[in-house]
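Sequence order for the protein chains is A and B. In case it helps, this note's numbering puts the first sequence at residues 1 to 505. In case it helps, this note's numbering puts the second sequence at residues 1001 to 1505. Note that CB positions come from ideal geometry on N, CA and C, so glycine has one too. Here is the structure we will look at, set down as structure tokens.
There are 2 protein chains.
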Amino acid sequence: MAKAVKTAITPTRQADYPEWYQQVISASEMAERSPVRGCMVIKPWGYALWENIQFQMDERFKETGVRNAYFPLFIPLHFLEKEAEHVEGFAKECAVVTHHRLEQSGDGLVPGGELTEPLVVRPTSETIIGDSFAKWVSSYRDLPLLINQWANVVRWEMRTRLFLRTSEFLWQEGHTAHATAEEATERTKMMLDVYADIAENYLAIPVIKGRKSALERFPGAVDTLCIEAMMQDRKALQAGTSHFLGQNFAKASNIKFQTDQEGEAFAWTTSWGTSTRLVGGLIMTHGDDDGVIMPPRIAPAQVVLLPIYRKPDERSAVMAYTAKLAADLRRIRYAGRRVTVEVDDRDIGGTRNWDWIKKGIPLRVEIGPRDIAADAVFVGRRDKTPRDKTSLARSAFLEGFTALLDEIQATLFQRASDLRDAHSRQIDDRSEFDRFFTPRNPDKPEIHGGFAHAHWCGEDACEERIKSDLSVTLRCLPLEGPKETGACICCGRSSERRAIFAKAY
Amino acid sequence: MAKAVKTAITPTRQADYPEWYQQVISASEMAERSPVRGCMVIKPWGYALWENIQFQMDERFKETGVRNAYFPLFIPLHFLEKEAEHVEGFAKECAVVTHHRLEQSGDGLVPGGELTEPLVVRPTSETIIGDSFAKWVSSYRDLPLLINQWANVVRWEMRTRLFLRTSEFLWQEGHTAHATAEEATERTKMMLDVYADIAENYLAIPVIKGRKSALERFPGAVDTLCIEAMMQDRKALQAGTSHFLGQNFAKASNIKFQTDQEGEAFAWTTSWGTSTRLVGGLIMTHGDDDGVIMPPRIAPAQVVLLPIYRKPDERSAVMAYTAKLAADLRRIRYAGRRVTVEVDDRDIGGTRNWDWIKKGIPLRVEIGPRDIAADAVFVGRRDKTPRDKTSLARSAFLEGFTALLDEIQATLFQRASDLRDAHSRQIDDRSEFDRFFTPRNPDKPEIHGGFAHAHWCGEDACEERIKSDLSVTLRCLPLEGPKETGACICCGRSSERRAIFAKAY
Chain A
1 MAKAVKTAIT PTRQADYPEW YQQVISASEM AERSPVRGCM VIKPWGYALW
51 ENIQFQMDER FKETGVRNAY FPLFIPLHFL EKEAEHVEGF AKECAVVTHH
101 RLEQSGDGLV PGGELTEPLV VRPTSETIIG DSFAKWVSSY RDLPLLINQW
151 ANVVRWEMRT RLFLRTSEFL WQEGHTAHAT AEEATERTKM MLDVYADIAE
201 NYLAIPVIKG RKSALERFPG AVDTLCIEAM MQDRKALQAG TSHFLGQNFA
251 KASNIKFQTD QEGEAFAWTT SWGTSTRLVG GLIMTHGDDD GVIMPPRIAP
301 AQVVLLPIYR KPDERSAVMA YTAKLAADLR RIRYAGRRVT VEVDDRDIGG
351 TRNWDWIKKG IPLRVEIGPR DIAADAVFVG RRDKTPRDKT SLARSAFLEG
401 FTALLDEIQA TLFQRASDLR DAHSRQIDDR SEFDRFFTPR NPDKPEIHGG
451 FAHAHWCGED ACEERIKSDL SVTLRCLPLE GPKETGACIC CGRSSERRAI
501 FAKAY
Chain B
1001 MAKAVKTAIT PTRQADYPEW YQQVISASEM AERSPVRGCM VIKPWGYALW
1051 ENIQFQMDER FKETGVRNAY FPLFIPLHFL EKEAEHVEGF AKECAVVTHH
1101 RLEQSGDGLV PGGELTEPLV VRPTSETIIG DSFAKWVSSY RDLPLLINQW
1151 ANVVRWEMRT RLFLRTSEFL WQEGHTAHAT AEEATERTKM MLDVYADIAE
1201 NYLAIPVIKG RKSALERFPG AVDTLCIEAM MQDRKALQAG TSHFLGQNFA
1251 KASNIKFQTD QEGEAFAWTT SWGTSTRLVG GLIMTHGDDD GVIMPPRIAP
1301 AQVVLLPIYR KPDERSAVMA YTAKLAADLR RIRYAGRRVT VEVDDRDIGG
1351 TRNWDWIKKG IPLRVEIGPR DIAADAVFVG RRDKTPRDKT SLARSAFLEG
1401 FTALLDEIQA TLFQRASDLR DAHSRQIDDR SEFDRFFTPR NPDKPEIHGG
1451 FAHAHWCGED ACEERIKSDL SVTLRCLPLE GPKETGACIC CGRSSERRAI
1501 FAKAY
């Protein structure tokens, strides 16, 4: 038997995946629970990652003509009642503001100044943005209207998990209005492609682009597209959605325009969103038993410099060399920005190196008197084992720096793709399907088969049956899957293509 | 008598300054009122300005070692009771969440799921961030802790004005903890200097750095520093504040650390903030009777290209020339970013040019067949009169582009400085002081003297007296003012320096 390797995170992924996830976040100092039920505090290392996701995504949005704006946090209660399916889908989990003042009483502060109409803290902004769109759109010349908002939203949750499901979370929500259904459909797909680009080429998370079934659609949408990723416990994570809303919300909000034919018509609208959930997806895709692994193109920092000196008289030479290297690295551009460099000169022994491993920084560079003598640096890559380090000439390190980052980026994407492929299977037999989703070990219900590509007849009843039997949901009908006749995995009726079934976050 | 010049904005600043302000915002499409009482919708042109302010400020913050993080929107009610002065100052104007669900009743949706403890939508985050700081700080090695948050906050307001006073607004709030009072004091001043730098060198708003009197301090602070600017109606606008909180909040939140002497001590904390109010300040500092004037270094876009063609066969040549020029301009870097170029090819006649004047874009460039024949462009500057345009060779325009922007930037700052100087006066006589603040025209109470630099003994009573007599507040004790003995403008007792008194937003 191989000697057990000590890992920085306890428990390991194999031992207890959900607890591993919490421990990784804690060890990397990305976020923590707050004293407010269901809300999280996003710490600097986690927030910097979110800022980088924002930066990349925002640039892509703007390239497609989208402009940012900001709409109120609060939604008057009656707004939510405008679109019937929408209210049904969201009404049950909102934070409701009923008072606008606090007053001193004998027992301390109590709410005062009751509002005539309660206000809901936005769970999503279709209705309040629709109200603005109705004012902004009057002619076909005002279309398309392409708006995005970066904001916090609140959906009350009883069982929460950092980044994946919290009562308050940060997100972006795009909202567009168009003159034709075709154009709105095209925009729905375009934004899904932006999400897939960011997920795959920046977060290094391979995703499947697909269409939701009627049961899994956004409340009020005509069509919901999504990107789905596989986590290391083989569960699916919905990493972004893009909705074609038809004219449902335009009718509810009265978004009408004069057409170029002198008629009047309701606009066709879309909405699309991604959130801090992506951070959870990144952790669960790449993290290992030593902590987070940050893909270089989106990492809060690409490299940390760790000056090493024993004698006080070595200090100034080492620090000067370090400062010079930091300055040289910061002049390099990578993924559209300057390289971010951390310098950690804390005198805390080996803990220092492990802190950065747990944080998942792509490169750790040790700089000691011997390295300086050789004009070299000692480099550790986060995608390799902690002790696997290489001495590189300083000039070679600088010249090859972005190529090295790209290599790490590619490695992470490949590993995640391999994992997904290894745990995806075409299944045509219901008993095989059931076995695929049965945990091998009853103590670890989270470890099961993965993604089953199976035929589905298109009926809600079959989808619900599978969900109630196995806690497995229909993740999506892949957009790029081939047409292929087969028999529904549930009822045996004929089907024209496969859907992806999985357990999911 | 001179012929009345028609202006794009009605009324003019002279005729009705407050109404002019609302009309300018409407005409420039920067923001509008929302159906939610007291909340605004920030439209793309206004939001892009805010994004640029964020970009510049965020960079300065990070240069001083500050890191961004995110804390919950909600604050448990009992948190607000921790710091006695703080609760007194903020308790009266909060949005209070009392329920976490909506339920269907006969009358439609009603709040359900009452919370055991109400939650307050953050009016500011000292108490909730203090709770995190208490966990993050245990040793002197953890200090200084330098955190900033970009967020929305809510302070219920009955009388609102877009950007200046709304129930919800966007801001940044910095929070830091230090081992010594000296270091915290230094940080308080350092962040004030960052604010002054952004105000003067980006927003082109001259500001006076000063210290608030005890009565005007932030609730719970030991010392509040501020920057104060003069608007064109001669009223003061507080454009940013930086607070030294002493150990008050550290004691309330229990932020303690092991000192390097093996003792235990409470940390010394600061907080500092600026908000979307800066946008209102920019409008009121630079706007004229034709609309907003955007300082180039912070403008949502630096230049708009206006292709002009009469015959359909001219179109492709004009559009190609325009596209090429846009591409060339976008390669230029200005104020740390690429130049932002708008291209407006709407076929709407002269309205198009005026739309951009009202929006305040620094440069308008007309491109027609005759210009192309001469390889020239026809340039209008927003800091000059609308009809004052110049033909420039294309190459000269490109080469001189950033210098031209800098010239406009300098002109705007100079104009604002001149206005402030013209309406600032050292006053040593109470009757002169009263006359200074008496409107010349009772129909326009907003037009009065400006900033009075007058002696003040330091007593609350004198400050309150002036406030109740004249609606004039003590804006600040300038940090850079000379020491000078004199007699208090109110009571005649001796004073060691002048304070600035003004009517204020």
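Not flagged as an interface residue toward chain A: Phe-1055 of chain B, since no C-beta distance is shorter than 8 angstroms.
For Asp-290 of chain A, the closest of A:Asp-107, A:Thr-351 and A:Ala-134 by C-alpha to C-alpha distance is A:Thr-351. Contact between the region 1304 to 1317 of chain B and the region 1336 to 1350 of chain B is present, with at least three C-beta pairs closer than 8 angstroms. Burial is judged here by how many other beta carbons sit within 10 angstroms of a residue's own beta carbon; Thr-10 of chain A has fewer than 16 and is exposed. Here Gln-414 of chain A is exposed, its C-beta having fewer than 16 other C-beta atoms within 10 Å. Uninterrupted beta strand (DSSP E) stretches at least 3 residues long and entirely within the region 157 to 215 of chain A occur at 168 to 178 and 208 to 211, given in chain order.
For Arg-1364 of chain B, the pairing in a beta bridge is given by DSSP as B:Val-1304 and B:Gly-1380. Pairing Val-339 of chain A with Asn-1148 of chain B, the inter-Cα distance amounts to about 21 angstroms. The Cβ atoms of Arg-1337 of chain B and Leu-1363 of chain B lie no closer than 8 angstroms to each other. Chain order gives the chain A residues near His-1099 of chain B as Val-96 and Thr-98, where near means a beta carbon separation below 7 angstroms.
Assignment of beta-bridge partners to His-1099 of chain B by DSSP yields A:Val-96 and B:Glu-1114. Taking CB atoms only, Ser-132 of chain A has a neighbour in chain B less than 8 angstroms away. Residues Leu-1102 of the same chain have their beta carbon placed closer than 6 angstroms to that of Leu-1109 of chain B, with the five preceding and five following residues left out of the count. Annotated three-state conformation of Cys-1039 of chain B is coil, per DSSP.
Our two residues, Thr-188 of chain A and Leu-203 of chain A, have alpha carbons roughly 21 angstroms apart in a direct line.
When DSSP states are grouped into helix, strand and coil, Trp-1050 of chain B belongs to the helix group.
Taken through DSSP and simplified to helix, strand or coil, Leu-477 of chain A comes out as strand. Against Glu-81 of chain A, the close residues of chain B are Gly-1108 and Leu-1109, in the order they occur along the chain (beta-carbon pairs closer than 8 angstroms). Annotated as proximal: Ala-1502 of chain B and Arg-1475 of chain B, with beta-carbon spacing under 8 angstroms. If you check each beta-carbon in the region 482 to 496 of chain A against every beta-carbon of chain B, none falls closer than 7 angstroms. Counting the other CB atoms within 10 Å of its CB gives Ser-1395 of chain B a total below 16, which places it among the exposed residues. Rounded to whole angstroms, Leu-1278 of chain B and Asn-1152 of chain B show a C-alpha spacing of 15 angstroms.
Under the three-state reduction of DSSP, Phe-1074 of chain B is assigned to strand. The beta carbon of Asp-428 of chain A sits closer than 8 angstroms to the beta carbons of Ala-454, His-455, Gly-486, Ala-487 and Ile-489 from its chain, once the five residues preceding and following it are set aside; these are given in chain order. Its chain contains Tyr-309 as the residues whose beta carbon lies nearer than 7 angstroms to that of Arg-315 of chain A, once the 5 sequence neighbours on both sides are disregarded; these appear in chain order. Within the region 1416 to 1468 of chain B, the runs of beta strand (DSSP E) that reach at least 3 residues and sit entirely inside it are, in chain order, 1424 to 1426 and 1451 to 1455. Apart from sequence neighbours up to five positions away, the residues of its chain that approach Gly-130 of chain A with a beta-carbon distance below 7 angstroms are Phe-249, Ala-252, Ser-253 and Ile-255, ordered along the chain. Within the region 60 to 71 of chain A, those residues whose Cβ lies closer than 8 angstroms to any Cβ of chain B are, in chain order, Arg-67, Asn-68, Ala-69, Tyr-70 and Phe-71.
Pairing Ala-179 of chain A with Phe-61 of chain A gives a Cβ-Cβ distance that is not under 8 angstroms. Per DSSP, Lys-1235 of chain B lies in no alpha helix (DSSP H) and is assigned neither H nor E. Cα atoms of Glu-1432 of chain B and Glu-1216 of chain B: separation of roughly 25 angstroms, rounded to the nearest angstrom. The bridge partners DSSP lists for Cys-226 of chain A are A:Gly-210 and A:Thr-241.
If you look at Phe-397 of chain A, you'll find it isn't in any beta strand (DSSP E); it sits in the alpha helix (DSSP H) that goes 394 to 399. DSSP places Lys-135 of chain A in the uninterrupted alpha helix (DSSP H) bounded by 126 to 136.
The three-state secondary structure of Thr-270 of chain A, taken from DSSP, is strand. The Cβ atoms of Glu-228 of chain A and Val-207 of chain A sit closer than 8 angstroms to each other.
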